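In case it helps, our numbering puts the sequence shown at residues -9 to 540.
Each residue gets a CB set at the ideal place from its N, CA and C atoms; glycine is no exception.
All values reported here derive from a predicted model rather than from experimental measurement.
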Amino acid sequence: MISFLKPVSSCLNMKKLLFALITILPLAISAQGTKVVRPLFDKKSIGEIRLTLPAKNWVDALDSMRIYGMGMLSGSATVDGVKYDEVGVRFRGDKSYQMGLKRNPFTIKLNHKNPDQNHQGHTALKLSSALRDPSMVREVLFYEIASKYIPSSQACYTKLYVNDEYVGVFINIESLDKQFLQTNYGSSDNAFFKAGVDYKPEIPTTCKQNIHGSLEYEDNIECYKGNFEMISASGWSELQELTRVLNNDPANIHRILDVDRTLWMLALNNVMVNLSSYSGAHSINYLLYRDGNGRFQPLLWDLNLAFGSFKNTGNGSDLDLKELQNLDPLLHANNPYKPLISQLLKDPLYKKMYLAHIRQIVDENFSNGSYEKRAQELQGMIVVPFNDDKNKVYSLDDFQRGLRETVGRKSKIPGIVELMSKRARFLKAHPELTPLPSAISEVNVIGRGKFENQKVNSFHITARADRFPRRLLLYYRFSDSEPYNVMPMDEEAAGNLPSGTKAYAANVDAKSQDAVLTYYIVAENAGTVAFAPLNYIGKPYTIKLSDLNK
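What follows is the structure in structure tokens.
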């Protein structure tokens, strides 16, 4: 018998690392072989971007392009000392854009004129102004936490200069571009959509009104064009099919949507009170990419209003601080106009998985206080360039107080600590989150016996679970490019087990003698679910058939 209680890192993580190294290393060494270039999303340092634009009144020029058209202002950009000519620059953002301000969110397109021009593989830079975030840490903190559980953009800080004038410190957010898609999903040319549109086209009057990116089904495919931006060359019928299955055939939603990653996204939004998202009033600021297996993958975007900076759920007026702290973990669970939540949570297993994700996010990031420590580190790194910013919206006092207490008499932007310290306690005590999960133990894979000549040609996996499990489910695959298959594990008779503990086994036929199986186990009891390993997202169990035959 071979025991594999300690998970092994998946091959996908190694592929991501190699991809990053191959992309970055050629740029990390100068012609003399000595100068090291700063990684674009280095979290331990502050970057520097210098734009040179031909217009002295560049704010007016960018305002005009933002309001009246889709053009870009041509200029040059120097990114951490590396200069690029003929780049395109424009203001971006929806709620975060404000006319007449220098401190607006920017898009810098490095391949505006030269399609091969990139910085460490990145063809576009997205700079956030951190509007309505006096603490300046909301986006970086949210992205760092989210990246533990689902593919998410990298985010760090950079100082921005335009025509040698210091504009301020911005958040540099990894663009959800072809490189991001290829790295995380193994493809980049499939159907790709962003919820929300900057310029709403005319749509038929018969379309549902004000449904935004809620994913309600529409018979007329033209209706989707008023609520989604298609980034890919085609795909409207695929988006319509997703909404049809979600609303009318939810039992098969797993065939067209990565349900678990969607549950993680919804859990992250709920825990960190990100209501400028699908979970809030307008169902915006998320993207959907259809991977090579035909399943749509959810992606987070525009997080400056997280941690309660935007306060409306779509049910009545804005929430006050106490209501934000006590936001229902099952918000919209019975709302037919939010089918991505209500339809998924109708499934008892999906509901338990979603609540288990909430519990894990709270335990690993908030109950232990690690979020506060990290937020302090981030503020300490940027306090000087923040104070030097003559265009800043908030004072240094607002910046320092914004981490722990409410800022603004009218806007009343919650301090992250005052919000999340009580929110973590609220969630820990919530009756939907208090049931104890089954502990999964003694996860083993049966190998060839010591004196047996016959090689094994399958993976026979055994495990135990306590607290009266109803069932154990084995999720497995043979390649990182495949979705997980799922099969129930069989309950086995076993003597001398503690009360409430059961033994289980499952058998997976190997595809070849060099097969490698990646897997994790879900234990469901009456109240909740448990995962083994706990970090099944990043480090699932992995076993080679050849190791079983040694």
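Rounded separation between residue i and residue j - CA only
i, j, result
"proline 194", "phenylalanine 31", "43 angstroms"
"leucine 17", "glycine 37", "Reliability fails at leucine 17, whose pLDDT of 44 lies under 50, so the model's placement of it is uncertain and the value that follows must be treated cautiously. The alpha-carbon atoms of leucine 17 and glycine 37 are separated by roughly 16 angstroms."
"glutamine 287", "arginine 251", "7 angstroms"
"arginine 415", "alanine 136", "20 angstroms"
"threonine 518", "asparagine 525", "17 angstroms"
"leucine 463", "glycine 284", "23 angstroms"
"threonine 560", "glutamate 76", "This structure leaves residue 560 out entirely; the chain is present only between -9 and 540."
"alanine 257", "phenylalanine 300", "17 angstroms"
"aspartate 378", "asparagine 355", "31 angstroms"
"asparagine 539", "serine 469", "20 angstroms"
"methionine 126", "glutamine 366", "11 angstroms"
"glycine 172", "leucine 166", "A small fix is needed here, since residue 172 is glutamine in this sequence, not glycine. When rounded, the distance between both Cα atoms is 10 angstroms."
"lysine 445", "valine 498", "15 angstroms"
"leucine 121", "valine 261", "21 angstroms"
"isoleucine 246", "proline 240", "10 angstroms"
"leucine 334", "glutamate 514", "17 angstroms"
"cysteine 213", "arginine 28", "45 angstroms"
"glycine 158", "aspartate 387", "17 angstroms"
"leucine 229", "isoleucine 331", "17 angstroms"
"serine 222", "serine 536", "42 angstroms"
"lysine 341", "tryptophan 254", "11 angstroms"
"alanine 500", "alanine 522", "21 angstroms"
"serine 322", "alanine 181", "It should be pointed out that residue 322 corresponds to histidine in this sequence rather than to serine. Spanning the two alpha carbons is a distance of roughly 27 angstroms."
"alanine 520", "arginine 391", "38 angstroms"
Reduced DSSP secondary structure (H/G/I, E/B, other) of residue i
i, result
"glycine 405", "coil"
"serine 118", "strand"
"glutamate 442", "coil"
"asparagine 260", "helix"
"isoleucine 140", "coil"
"tyrosine 466", "strand"
"glutamate 362", "helix"
"serine 227", "helix"
"lysine 301", "coil"
"arginine 234", "helix"
"valine 27", "coil"
"alanine 419", "helix"
"leucine 2", "Here leucine 2 scores only 43 on pLDDT, less than 50, and its place in the model should not be relied on; the value that follows carries that caveat. Reduced to three states, the DSSP call for leucine 2 is helix."
"alanine 240", "The residue asked about is misnamed: residue 240 is proline in this sequence, not alanine. Correct three-state label for proline 240: helix."
"phenylalanine 458", "coil"
"arginine 394", "coil"
"threonine 252", "helix"
"arginine 56", "helix"
"proline 427", "coil"
"alanine 496", "strand"
"asparagine 486", "coil"
"isoleucine 527", "coil"
"isoleucine 14", "Unreliable placement is indicated for isoleucine 14, whose pLDDT of 45 sits below 50; the coordinate value is still reported in the next sentence. Correct three-state label for isoleucine 14: helix."
"leucine 368", "helix"
"tyrosine 384", "coil"
Continuous alpha helix (DSSP H) stretch holding residue i: start and end
i, result
"serine 86", "Note, serine 86: premise wrong, no alpha helix (DSSP H); not H, not E."
"leucine 330", "329 to 335"
"phenylalanine 81", "Looking at the DSSP string, phenylalanine 81 is not in any alpha helix (DSSP H); the run it does join, the beta strand (DSSP E), is 72 to 81."
"leucine 247", "Segment: none, leucine 247 is in no alpha helix (DSSP H) and carries neither H nor E."
"glutamine 107", "Element bounds for glutamine 107: n/a, residue is neither H nor E."
"serine 536", "535 to 538"
"alanine 346", "338 to 355"
"glutamine 315", "311 to 315"
The ligand SAH heavy atom lying under 7 angstroms from the CB of residue i
i, result
"aspartate 248", "No copy of the ligand SAH appears in this structure; indeed no ligand is present at all."
Residue range of the unbroken beta strand (DSSP E) whose run includes residue i
i, result
"leucine 41", "37 to 42"
"methionine 220", "218 to 220"
"glutamate 472", "Note, glutamate 472: premise wrong, no beta strand (DSSP E); not H, not E."
"asparagine 399", "For the record, residue 399 in the displayed sequence is arginine; it is not asparagine. That residue, arginine 399, is in no beta strand (DSSP E); it is neither H nor E in DSSP."
"lysine 92", "Here lysine 92 belongs to no beta strand (DSSP E), and DSSP marks it neither H nor E."
"isoleucine 511", "506 to 514"
"lysine 149", "145 to 152"
"glutamine 287", "286 to 290"
"serine 502", "Counting along the chain, serine 502 falls outside any beta strand (DSSP E), and DSSP gives it neither H nor E."
"leucine 278", "276 to 280"
"valine 127", "Valine 127 -> no beta strand (DSSP E), and no H or E assigned at all."
"serine 269", "First-last for serine 269: undefined, no H or E at that position."
Margin query: Going residue by residue through the stretch 159 to 212, where are the continuous beta strand (DSSP E) segments of at least 3 residues, counting only ones entirely within it?
Written below: 182 to 185
Notebook entry, point to check: Counting Cβ pairs closer than 8 angstroms, one from the stretch 139 to 148 and one from the stretch 94 to 113, do we hit at least three?
Noted result: no
Margin query: Does the contact criterion of 3 or more C-beta pairs under 8 angstroms hold for the stretch 78 to 98 versus the stretch 344 to 353?
Written below: no
Next item on the list: Determine contact between the stretch 270 to 283 and the stretch 427 to 447, defined as no fewer than three beta-carbon pairs at a distance below 8 angstroms.
Entry: no
Check: Three or more C-beta pairs closer than 8 angstroms, one from the stretch 301 to 317 and one from the stretch 179 to 197: is that the case here?
Finding: no
Notebook entry, point to check: Should the stretch 387 to 405 be regarded as contacting the stretch 447 to 460, the criterion being three or more beta carbon pairs within less than 8 angstroms?
Noted result: no
Check: Using 8 angstroms as the threshold, is the stretch 37 to 47 in touch with the stretch 63 to 75, meaning 3 or more CB pairs across them?
Finding: yes
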